[in-house]
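**Q** If you use this note's numbering, the sequence shown corresponds to residues 3 to 490, in order. Pasting in a structure now, in structure tokens, and then I'll have a few things to ask.
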Amino acid sequence: MNKESIGIVETQYLNIEDAIELDSGKILEDVTVAYETYGDLNKEKSNAILICHALTGDAHAAGWHKGDKKPGWWEIVIGPGKALDTEKYFIICSNVLGGCKGTTGPSSINPKTGKEYGLEFPVITIADMVKVQKKLIDSLGIDQLTAVIGGSMGGMQVLEWMVSYPEMMKKAIPIATTAMSSPQQIAFNDVGRQAIFSDPDWNSGNYYGTGKLPKNGLSLARMIAHITYLSDESMDIKFGRGLQDKDEISYDFSIDFQIESYLKHQGESFVKRFDANSYLFITKAVDLFDLRVNNSLIDGFKDIKAKIEVISVDSDWLYPTEQSMEIVNSLNANEVEVSFSEIKSNYGHDAFLLEKGQLNHIISKFLSENLVEDLMMEKIATIRENADVKDAAKLMLDKHVTHIPVVTDDYKLIGIVTSWDLSKSIATNSNQLKDIMTKTVKYCHADNTIEEIARMMRKFDISCLPVVDEDMKVLGLITTDQISNLLS
Numbered sequence: 003m004n005k006e007s008i009g010i011v012e013t014q015y016l017n018i019e020d021a022i023e024l025d026s027g028k029i030l031e032d033v034t035v036a037y038e039t040y041g042d043l044n045k046e047k048s049n050a051i052l053i054c055h056a057l058t059g060d061a062h063a064a065g066w067h068k069g070d071k072k073p074g075w076w077e078i079v080i081g082p083g084k085a086l087d088t089e090k091y092f093i094i095c096s097n098v099l100g101g102c103k104g105t106t107g108p109s110s111i112n113p114k115t116g117k118e119y120g121l122e123f124p125v126i127t128i129a130d131m132v133k134v135q136k137k138l139i140d141s142l143g144i145d146q147l148t149a150v151i152g153g154s155m156g157g158m159q160v161l162e163w164m165v166s167y168p169e170m171m172k173k174a175i176p177i178a179t180t181a182m183s184s185p186q187q188i189a190f191n192d193v194g195r196q197a198i199f200s201d202p203d204w205n206s207g208n209y210y211g212t213g214k215l216p217k218n219g220l221s222l223a224r225m226i227a228h229i230t231y232l233s234d235e236s237m238d239i240k241f242g243r244g245l246q247d248k249d250e251i252s253y254d255f256s257i258d259f260q261i262e263s264y265l266k267h268q269g270e271s272f273v274k275r276f277d278a279n280s281y282l283f284i285t286k287a288v289d290l291f292d293l294r295v296n297n298s299l300i301d302g303f304k305d306i307k308a309k310i311e312v313i314s315v316d317s318d319w320l321y322p323t324e325q326s327m328e329i330v331n332s333l334n335a336n337e338v339e340v341s342f343s344e345i346k347s348n349y350g351h352d353a354f355l356l357e358k359g360q361l362n363h364i365i366s367k368f369l370s371e372n373l374v375e376d377l378m379m380e381k382i383a384t385i386r387e388n389a390d391v392k393d394a395a396k397l398m399l400d401k402h403v404t405h406i407p408v409v410t411d412d413y414k415l416i417g418i419v420t421s422w423d424l425s426k427s428i429a430t431n432s433n434q435l436k437d438i439m440t441k442t443v444k445y446c447h448a449d450n451t452i453e454e455i456a457r458m459m460r461k462f463d464i465s466c467l468p469v470v471d472e473d474m475k476v477l478g479l480i481t482t483d484q485i486s487n488l489l490s
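Here's what the structure looks like:
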């Protein structure tokens, strides 16, 4: 076991008591959510990060289940010392609605019939998946997430979170994804579904308990999809035109090439871990995904509040960089704080699961930006409004400061007095602090980023800002000198 692994983990389950109203108008009751958590939720419940998995993923994002031969699907970035540091963050990952790894889906028992849902399961959307995730986050008592992160279909869920619950997260990282499924993406998914439909063992979705599974159809669907996860370069490097277990071409329809054997293996192994009906419902949810409003992604993104890092992969032809740039441009049009990174890789779409170094660098850099609370002076001098100018001047000399917050008896900010204000008192012959102090005060919060505050200070030509909490109680001060020293 890797020494940086979080070790043995267990899947947990939440039974949602409330009925879920879906986008289709259908009602889903008795929903169960399978989820895993890594790390500890802090006392303030302010360090939680939600991870959203891709189409065939599950809640097991990191660590090891007892008896497993490999760790969770995103072990490369989750754990002590990694980008999603479990010694700092509380990581949550849940299986999506419609899945087959513990969360309610078509293979679950329909409480109204006592039998598996099959095709009686309602068609779902990405928004429905996110609605169920929101129920999970609420059950954990978390009011705001530090970040929501995911790749591929997981990235769609991230974008949906940004739109549906804009106040619920500070940051978001959609990776290798799109804001609306394109005709080509829909086409690939539909061919996969048709492969399942054409398997006689699918039996119109009623194969549970028959002893027969639509293995051939699901295997073929996986083979088709898996091609889109790779790149021409990665296939050429890994397989080329190499023959499989033979020295010459057979001149029949048996497997000749290594790439054929590889795809066959991918299909055969997939049917052992995934449900065909879940594949149908989840791919349909992906096809229906479209965040445009009035045919405009700019309109669709108008209410977003979080700070965003969009990541693409240069060799990804399933969700190419152009689609990520459309997300970036639409966010910029709404003056949302957004940055962009492109992973350099020959892996294709699957690079978001494989490029350990680049992913850890990009994600950790984005998440670990310096906050005001990391830099502010906490033990500071304050003064009451009824003080006189001499009191303020003496306090400045004693404490060697040029800015003093003016506060009420319970330390709520009502103004600030500066050395410039004291000079003004001489010119105006003022003795009372309330007559010279600045009453319209710019301030900041402890969880503001240094970059945000630096921009504010430049915009308003301010050299010092009080730091306050939600009740306007003074927590400290931050100065341009501190920021300059940090940046230098």
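For each residue, glycine too, the CB sits at the ideal point set by N, CA and C.
For Met398, which residues in the same chain have their Cβ closer than 6 Å to its Cβ, ignoring the five residues on either side in sequence?
**A** Nothing meets the Cβ criterion.
**Q** DSSP three-state call for Ser343: helix, strand or coil?
**A** Three-state result, Ser343: strand.
**Q** What residue range does the alpha helix (DSSP H) around Ala56 cover?
**A** Counting along the chain, Ala56 falls outside any alpha helix (DSSP H), and DSSP gives it neither H nor E.
**Q** Could you pull out every unbroken beta strand (DSSP E) segment of at least 3 residues lying fully inside the stretch 60–133, listed in chain order?
**A** Fully enclosed beta strand (DSSP E) runs of 3 or longer: 92–96.
**Q** Taking the C-alpha atoms as reference points, what is the distance between Ala287 and Glu311?
**A** Between Ala287 and Glu311, the C-alpha separation is close to 24 Å.
**Q** Where do the N-terminal and C-terminal ends of the beta strand (DSSP E) with Ser314 fall, by residue?
**A** 309–315 is the span of the beta strand (DSSP E), which, as asked, contains Ser314.
**Q** Would DSSP call Thr34 helix, strand or coil?
**A** Three-state DSSP puts Thr34 in a strand.
**Q** For Gly116 and Glu328, what's the separation of their Cα atoms in angstroms?
**A** Roughly 46 Å separates the two Cα atoms.
**Q** By a C-beta neighbour count over all protein chains shown, 10 Å radius and 16 as the cutoff for buried, is Val419 buried or exposed?
**A** Answer is buried; the Cβ neighbour count reaches 16.
**Q** Nearest-angstrom Cα distance between Leu299 and Asn450?
**A** Their backbone Cα atoms lie some 27 Å apart in a straight line.
**Q** Measuring CB to CB, does Leu290 end up less than 8 Å from Gly302?
**A** Against a cut-off of 8 Å, the Cβ pair of Gly302 and Leu290 comes out as no contact.
**Q** Quick one: using the 10 Å Cβ neighbour count with 16 as the cut-off for buried, is Gly211 buried or exposed?
**A** Label assigned to Gly211: exposed.
**Q** For a test of the three-state rule: what should DSSP assign to Thr430, helix, strand or coil?
**A** The answer is helix: DSSP assigns Thr430 an H, G or I state.
**Q** Three-state secondary structure (DSSP) at Lys5?
**A** Per-residue confidence for Lys5 stands at a pLDDT of 45, beneath the threshold of 50, marking its modelled position as unreliable; the derived number appears in the next sentence. Correct three-state label for Lys5: coil.
**Q** Under a three-way DSSP split, which group does Thr481 fall into?
**A** Thr481 falls in the strand class under three-state DSSP.
**Q** How long is the line joining the alpha carbons of Gly83 and Asp471, rounded to whole angstroms?
**A** If I take the Cα positions, the gap works out to 30 Å.
**Q** Using CA atoms only, rank isn't needed, just tell me which of Asp20, Ala64, Ala223 is closest to Val134.
**A** Closest option to Val134, Cα to Cα, is Asp20.
**Q** Could you tell me the alpha carbon to alpha carbon distance between Leu320 and Asp473, rounded to whole angstroms?
**A** Distance between the alpha carbons of Leu320 and Asp473: 48 Å.
**Q** Consult DSSP for Gln196 and reduce its assignment to one of helix, strand or coil.
**A** Residue state, collapsed to three classes: helix.
**Q** Look at the Cβ atom of Gly350, then the Cβ atom of Ala278, and state whether they are nearer than 8 Å.
**A** No. Outside cutoff.
**Q** If you draw a straight line from the alpha carbon of Cys466 to that of Asn372, how long is it in whole angstroms?
**A** Roughly 17 Å between the two C-alpha positions.
**Q** For Thr2, is the classification buried or exposed, using 16 other Cβ atoms within 10 angstroms of its Cβ as the cut-off for buried?
**A** The structure shown does not extend to residue 2, since the chain is modelled only from 3 to 490, so the question has no answer here.
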